[in-house]
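Numbering (my numbering), first residue to last: 606 to 807. All C-beta atoms, glycine included, are put in the ideal place defined by N, C-alpha and C. Only a predicted model underlies this, so the values are computations on that prediction, with no experimental measurement involved. Everything below concerns the one structure shown next.
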């Protein structure tokens, strides 16, 4: 292998850890099984390694098991999987889908208790999950896929999301500028919350 080129790394670092780690490690160790490299990634969570693995296994099973629903939902809402995926965030990941994941990270936090580094890493994942849930809640009220959506209906959810982002913008859980760009063509937003056009659109 000489090299690779990826055009789908959208900066959701706190929710895409295994994917990003695997992609990068395979650049220098392409002969190593993915399972071995993933074990390497999970080991960084110390005593919480097994719980964190279960957390990401949960989301992998959830997403892989719902491929047909995912496809149909994007079609029904007129959402692009790149430029306007936030139109469908609430439908693909409804509020109730987060409870099992939250429980798994609660267990991970308990397992990491007493290990400062592992605890900080688990907290990073928890922030990513919290951010994703807030995005889903906002999308449910603001999506352009529903003609009845309005800023007034989603004002509370949007303000909660923006407050969370301001409080955690230097935690690097996600590329928040990219999120805002996608949301600007996915949700009904007031001018102050909109994102200026991307200088290099797809």
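- Assignment of residue 690 by DSSP, reduced to helix, strand and coil, places it in the helix class.
- Residue 679 and residue 719 have their C-alpha atoms roughly 43 Å apart.
- Under the Cβ criterion (8 Å, minimum of three pairs), the stretch 670–687 does not count as touching the stretch 737–747.
- In the three-state DSSP reduction, residue 792 falls in the strand class (E or B).
- Counting along the chain, residue 664 sits inside the alpha helix (DSSP H) bounded by residues 654–669.
- Judged by DSSP secondary structure, residue 726 falls within the alpha helix (DSSP H) whose first and last residues are 721–747.
- Under the DSSP assignment, residue 676 falls in the alpha helix (DSSP H) whose first and last residues are 672–682.
- Exclusion of the five residues before and after residue 616 leaves 779, 780, 783 as the residues of its chain whose Cβ lies within less than 8 Å of its Cβ.
- Sorting 681, 629, 653 by C-alpha distance to the C-alpha of residue 642 places 629 at the top.
- DSSP places residue 769 in the uninterrupted alpha helix (DSSP H) bounded by 756–773.
- Taking a C-beta distance under 8 Å as the contact criterion, residue 728 and residue 769 do not qualify as a contact pair.
- Looking only at 747, 752, 726, the smallest Cα-Cα distance to residue 789 is reached by 747.
- Within its own chain, the residues whose Cβ lies closer than 7 Å to the Cβ of residue 667, once the five positions on either side in sequence are excluded, are 702, listed in chain order.
- Judged by DSSP in its simplified three-state form, residue 632 adopts helix.
- By the Cβ criterion, the stretch 656–663 is in contact with the stretch 706–724, since at least three pairs of Cβ atoms, one from each stretch, lie closer than 8 Å.
- In the structure shown, the three-state DSSP call for residue 649 is coil.
- In the three-state reduction of the DSSP assignment, residue 610 falls in the coil class, being assigned neither a helical nor a strand state.
- When Cβ pairs closer than 8 Å are counted between the two stretches, the stretch 679–695 is seen to touch the stretch 749–766, the count reaching three or more.
- At a Cβ-Cβ threshold of 8 Å, residue 622 and residue 723 do not count as neighbours.
- DSSP places residue 698 in the coil class of the three-state scheme, outside both helix and strand.
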